[in-house]
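A.B. asks: Under this note's numbering, read the sequence shown as residues 445 to 977, first letter to last.
Ideal placement from N, C-alpha and C gives every residue a C-beta, glycine not left out.
Okay, here's the structure, questions in a sec.
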Amino acid sequence: MRTIREATFEVFRTHGMRTIFGNPGSTELPMLKDFPQDFSYVLGLQELVVVGMADGFAQASGRVTHVNLHTAPGVGNAVGGIGNALANKAPLLITAGQQVRPQITMEANLTNRDALLVPQPYVKWSHEPPRAKDVPAAIARAIHHASLPPCGPAFVSIPMDDWEAEPDEDSIRQALARGVRGRALPDPVALEDLAGMLAEARNPVFIAGGDIDASGGWDAAVALVEKQGLPVWATPAPGGGRIGFPEDHANFLGILPPAIGPATETLSGHDLVVVVGSSVFPYYPYIPGSLLPQGAVLVQITCDPAEAARAPMGTAIVGDVTLALEQLLELLGPSERPGPQARALPGEPAETDPISGSAAMAALAEVWPQDGIAVVETPSSTIALRNRLRLSQPGSYYFSSSGGLGFGIAAAVGVQLAQPERPVVCVLGEGSAQYGITVMWTAAAYRVPVTFLVLRNEEYMILKWFAGLEGVEGAPGLDLEGLDVATVAEAYGVSAQEVYAREETAEALRAAIAVEDGPRLVQVPVSSGMWLD
Ligand SMILES: Cc1ncc(C[n+]2csc(CCOP(=O)(O)OP(=O)(O)O)c2C)c(N)n1
């Protein structure tokens, strides 16, 4: 007779989930006993990093990814990352150990009190099986919750004495045989209506969101935009966790400003705004204004009913984004509209000492590999990065949709593990790097060949910029003097160097990107500023 552990690992196998990201404690050891050879365990040294790595792995592989955490303190440490994963629509199965059943009521040490509440409200489902026998079915259910659109994390707390128990064979057989497929074609009548609106519109515009990428819709988006002669903006950053349209395309105009007034101003003159694969809109900060230009209507296509419900304006169509785009392509003939005027590209950055964030991004652009993937957490240089790299391949950009720091440095390792053939470059502010710095050890120990580029400006630049916007003077805690990420990385086993001039930065990056047997870190001091070009 097999055990609950053996039956549960069989559930993982049927879902292709053979990589577990974890940080173990005594309450998780019974799950890890006799760890099967066909599985791999990626150790992260702190839970935010564990979840961040799994988030990157899940997004870059498109598969539900297993995270194993240590009862209450482990799940507690992970909550920021779980919030990021929900915003990123990353399909995660999160399991955590729990005291043995006989000691939960007495709340013995390491009992996860109110286990279901700890990851709330950032999971789609939270559960502790009522009986040991229910563990495999509960885990199967959590996997289905995680993978159904909108994807996201689902949580199961498992008492540590459950793993040796006997399963219910009939229920296991059924759980193993089940499949749940959630790719939904949007209402065909709604799509016909939208096609009619696009055909009639005088000056429509297309806003590309990250779910185009997640659902495999780049080709359909490009074909629709070209057929209809549409100008394209990317949904505001932060919020656009992925890129949904090639940013070197002639119809691409840039990133929509992330605040109400400026976004509406940017869209003025358009009579139809079609938003695909994004919330409407991930605004931040609050700059009031009209929600839409005078006379304009907005139609949103999203896989997420909550995104549809909470939009403050427009009509929403819920369903799979790529299926919707493909259907629109069939419904619409070619349009006579001329494409938009090409946007102005950023010129050569000024030569300064230290170099600017724009110059650092220009150095990266010089050596950017065609199939490169950027994982980005560099608040004051994100726009410069987008403008200079002009990423043009699917699956090339990962950014925390919620704005929670600690995602980037960890996710880069997960993305690289999921995409071993593509070079991953993780661009970080030295402040952002601290939230997941322990992932340096995992990158070194598992020889994950990520190139980390750290921009060192000795401050929380973006917060100083926000202080100006919010009229805040005299706020403490915005300076980071003497924070040397390269030295810290070396201590974790990552080869690191600090470079200064633009050419030297480009050369160091070229060499680091070419390394295939482990991580490299390049740190470059940059001058103070918000780098927007
Ligand atoms: C978990 C978390 N804590 C705090 C913040 C607030 N925050 C936003 S940006 C930022 C500073 C980032 O500094 P750095 O990475 O050095 O980038 P810079 O702004 O200097 O480019 C902070 C602390 C956050 N977004 N997430």
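#1: Go ahead and label T549 buried or exposed: buried means 16 or more other beta carbons lie within 10 angstroms of its beta carbon, across all protein chains shown.
#2: Measuring CA to CA, which of R622, V562, P593 is closest to I583?
#3: Please state the DSSP three-state secondary structure of E770.
#4: Is S845 near ligand 1, with its Cβ less than 7 Å from a heavy atom?
#5: Going by DSSP, name the residue or residues bridged to C870.
#6: How is F725 classed by DSSP in three states: helix, strand or coil?
#7: Just the C-alpha distance for Q878 and V857, rounded to the nearest angstrom, thanks.
#8: How about G926: is its Cβ closer than 7 Å to a heavy atom in ligand 1?
#9: With distances taken between CB atoms, is the gap from S840 to I687 smaller than 8 Å?
#10: Tell me whether P680 counts as near ligand 1, meaning its Cβ is closer than 7 Å to at least one heavy atom of that ligand.
#11: Can you tell me whether T822 sits near ligand 1, meaning its C-beta is under 7 Å from at least one heavy atom of the ligand?
#12: Going straight from the alpha carbon of I602 to that of L554, what length do you get?
#13: For my contact list, G660 and T746 are in at a C-beta cut-off of 8 Å; report their separation, rounded to the angstrom.
#14: Would the beta-carbon of I526 be found less than 7 Å away from any heavy atom of ligand 1?
#15: Which term fits P749, buried or exposed, when burial requires 16 or more other beta carbons within 10 angstroms of its beta carbon?
#16: Hey, how far is the Cα of R462 from the Cα of M445?
#17: Any chance the CB of E874 is under 7 Å from a heavy atom of ligand 1?
#18: Under 7 Å: does the beta carbon of I853 sit that close to some heavy atom of ligand 1?
#19: Under 6 Å Cβ to Cβ from W677, same chain only, skipping five residues before and after it: list those, please.
#20: Using CA atoms only, rank isn't needed, just tell me which of L861, V669, S836, V868 is closest to G783.
#21: What residue from V811, E925, K568, A681 has the CA that sits closest to H589's CA?
#22: Are there any heavy atoms of ligand 1 lying less than 7 Å away from the beta-carbon of L953, as far as the coordinates show?
#23: Which whole-angstrom value describes the C-beta separation of V511 and F465, a residue pair presumed to lie in contact below a C-beta threshold of 8 Å?
#24: Less than 6 Å between C-beta atoms, sequence neighbours within five positions excluded: which residues of the same chain meet that for T759?
#25: According to DSSP, is V929 part of a helix, a strand, or is it coil?
#26: Mind checking which residues open and close the beta strand (DSSP E) that includes E942?
#27: Tell me where the beta strand (DSSP E) around L965 begins and ends.
#28: By DSSP, does F501 sit in helix, in strand, or in coil?
#29: In this structure, what does DSSP give as the bridge partners for P597?
#30: Starting from L513, trace the beta strand (DSSP E) both ways and give me its first and last residue.
#31: How long is the line joining the alpha carbons of E709 and V717, rounded to whole angstroms?
#32: Would you say the beta carbon of L907 is closer than 7 Å to some non-hydrogen atom of ligand 1?
#33: How about L897 and L872: are their beta carbons less than 8 Å apart?
#34: Please tell me whether, using a cut-off of 7 Å, the distance from the CB of G850 to the nearest non-hydrogen atom of ligand 1 is below it.
#35: Between the C-alpha atoms of A498 and P778, what's the straight-line distance to the nearest angstrom?
C.D. replies: Per the coordinate set shown:
#1: On the sequence shown, residue 549 is found 105 positions in, with the first residue counted as 1. Answer is exposed; the Cβ neighbour count stays below 16.
#2: Taking the sequence shown and counting its residues from 1, the one referred to as residue 583 is at position 139. Nearest Cα to I583 within the set R622, V562, P593: R622.
#3: Position 326 of the sequence shown, counting from 1, holds the residue named residue 770. In the structure shown, E770 sits in a helix (DSSP, three-state: H, G or I).
#4: The residue you call residue 845 lines up with position 401 of the sequence shown. Result no, Cβ not under 7 Å from ligand 1.
#5: By 1-based counting over the sequence shown, the position of residue 870 is 426. Beta-bridge pairing links C870 to V819, F896.
#6: Here residue 725 corresponds to residue number 281 of the sequence shown, with the count starting at 1. In the three-state scheme derived from DSSP, where H, G and I count as helix and E and B as strand, F725 is classed as coil.
#7: For this step, residue 878 is matched to residue 434 along the sequence shown. For this step, residue 857 is matched to residue 413 along the sequence shown. Distance between the alpha carbons of Q878 and V857: 15 Å.
#8: In the sequence shown, counting from the first residue as 1, residue 926 sits at position 482. At a threshold of 7 Å, G926 does not count as near ligand 1, since its beta carbon sits no closer than that to any of the ligand's heavy atoms.
#9: Numbered from its first residue, the sequence shown carries residue 840 at position 396. Numbered from its first residue, the sequence shown carries residue 687 at position 243. In terms of Cβ geometry, S840 and I687 form a close pair [threshold 8 Å].
#10: Locating residue 680 in the sequence shown gives position 236, counting from the first residue. No, since every heavy atom of ligand 1 falls outside the 7 Å radius drawn around the Cβ of P680.
#11: Locating residue 822 in the sequence shown gives position 378, counting from the first residue. It does: the Cβ of T822 is within 7 Å (strictly closer) of some heavy atom of ligand 1.
#12: Numbered from its first residue, the sequence shown carries residue 602 at position 158. Numbered from its first residue, the sequence shown carries residue 554 at position 110. Cα to Cα, the separation comes out at about 13 Å.
#13: Counting from 1 along the sequence shown, the entry for residue 660 is found at position 216. Counting from 1 along the sequence shown, the entry for residue 746 is found at position 302. 16 Å between Cβ atoms; not a contact.
#14: Along the sequence shown, read from residue 1 onward, the residue named residue 526 stands at position 82. Relative to ligand 1, even the nearest heavy atom lies 7 Å or more away from the CB of I526.
#15: Numbered from its first residue, the sequence shown carries residue 749 at position 305. Classification of P749: exposed, given that the 10 Å Cβ count is below 16.
#16: For the purposes of this step, residue 462 is identified with residue 18 of the sequence shown, where counting begins at 1. For the purposes of this step, residue 445 is identified with residue 1 of the sequence shown, where counting begins at 1. Approximately 23 Å between the Cα atoms of the pair.
#17: To locate residue 874, count along the sequence shown from 1; it is residue 430. For E874, the Cβ falls inside the 7 Å cut-off from some heavy atom of ligand 1.
#18: Here residue 853 corresponds to residue number 409 of the sequence shown, with the count starting at 1. Taking non-hydrogen atoms of ligand 1 into account, the C-beta of I853 is found less than 7 Å away from none of them.
#19: The count along the sequence shown starts at 1 and reaches residue 677 at position 233. The residues are I651, L697, L700.
#20: Locating residue 783 in the sequence shown gives position 339, counting from the first residue. A check of alpha carbon separations from G783 across L861, V669, S836, V868 identifies V669 as the nearest.
#21: The residue given as residue 589 occupies position 145 in the sequence shown. Taking each of V811, E925, K568, A681 in turn and checking the Cα distance to H589, the smallest one comes out for K568.
#22: For the purposes of this step, residue 953 is taken as the residue at position 509 of the sequence shown. Not so, every heavy atom of ligand 1 lies at least 7 Å from the Cβ.
#23: As a working note, residue 511 is residue 67 in the sequence shown. As a working note, residue 465 is residue 21 in the sequence shown. Between V511 and F465 a beta carbon distance of about 5 Å is seen, short of the 8 Å cut, so the two are scored as contacting.
#24: Position 315 of the sequence shown, counting from 1, holds the residue named residue 759. So the qualifying residues of the chain are V743.
#25: Counting from one through the sequence shown, the residue named residue 929 turns up at place 485. Judged by DSSP in its simplified three-state form, V929 adopts helix.
#26: By one-based count along the sequence shown, residue 942 stands at place 498. Start and end: 939 to 942.
#27: As a first step, residue 965 is located in the sequence shown; it is residue number 521 there, counting from the start. Counting along the chain, the unbroken beta strand (DSSP E) around L965 starts and ends at 964 to 969.
#28: Counting from 1 along the sequence shown, the entry for residue 501 is found at position 57. Note: F501 maps to helix in three-state DSSP.
#29: Indexing the sequence shown from 1 puts residue 597 at position 153. Beta bridge pairing from DSSP links P597 with L536.
#30: For the purposes of this step, residue 513 is taken as the residue at position 69 of the sequence shown. That run of the beta strand (DSSP E) goes 509 to 513.
#31: As a first step, residue 709 must be located in the sequence shown, where it is residue number 265. As a first step, residue 717 must be located in the sequence shown, where it is residue number 273. Per the coordinates, the alpha-carbon of E709 lies some 13 Å from the alpha-carbon of V717.
#32: Walking along the sequence shown from the start, residue 907 turns up at place 463. Short note on L907: C-beta closer than 7 Å to some heavy atom of ligand 1.
#33: Here residue 897 refers to the residue found at position 453 of the sequence shown. Here residue 872 refers to the residue found at position 428 of the sequence shown. L897 is a Cβ neighbour of L872, given a cutoff of 8 Å.
#34: Along the sequence shown, read from residue 1 onward, the residue named residue 850 stands at position 406. Relative to ligand 1, the nearest heavy atom lies less than 7 Å away from the CB of G850.
#35: The count along the sequence shown starts at 1 and reaches residue 498 at position 54. The count along the sequence shown starts at 1 and reaches residue 778 at position 334. Distance between the alpha carbons of A498 and P778 is about 42 Å.
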